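Presented below is the structure to which this report refers.
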């Protein structure tokens, strides 16, 4: 029943970024099948930079969890796998599959709305 994100603008995401430490990250859940998805990705890329935005593959329902890093990083796959193993040891989560479904989304083609 949910609609497009209510707080979804480059200004909003920039304000979020200002609140993060240099090692901080923002996690958002975007509705992948909604028409606002390309705009949301463009807003995140504007606020954080395209190299700082990562996304997991969409769920079957169309939701996409997106990570926006205050400071862009490109961790080695081995480091991601090691972190995933640590998470699984601490919490009952399927973290070992996360490195396989995490990627940098194509945000260059995401156009900003004409009003901006």
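Residue numbers (this note's numbering): -1 to 114. Every residue gets a Cβ at the ideal spot worked out from N, C-alpha and C, and that includes glycine. Treat the numbers as computed from the prediction; the structure is a model and nothing was measured.
| query | result |
| --- | --- |
| Exposure of residue 101, with buried meaning 16 or more beta-carbon neighbours within 10 Å | exposed |
| Residue 76 versus residue 48: straight-line alpha-carbon distance, rounded | 23 Å |
| For residue 89, three-class secondary structure by DSSP | coil |
| Cutoff 7 Å; reference residue 70; Cβ partners in own chain excluding five residues on either side | 47, 49, 50 |
| Straight-line gap, residue 96 to residue 21 (C-alpha atoms, nearest Å) | 20 Å |
| Reference residue 35, options 45, 64, 23, 12, closest by Cα | 64 |
| C-alpha gap between residue 72 and residue 60, whole angstroms | 26 Å |
| Cβ neighbour criterion (16 or more within 10 Å) applied to residue 57 | exposed |
| Where the beta strand (DSSP E) containing residue 4 begins and where it ends | Taken as a continuous stretch (DSSP letters only), residue 4 belongs to no beta strand (DSSP E), as it is neither H nor E. |
| Beta-carbon gap between residue 90 and residue 53 smaller than 7 Å | no |
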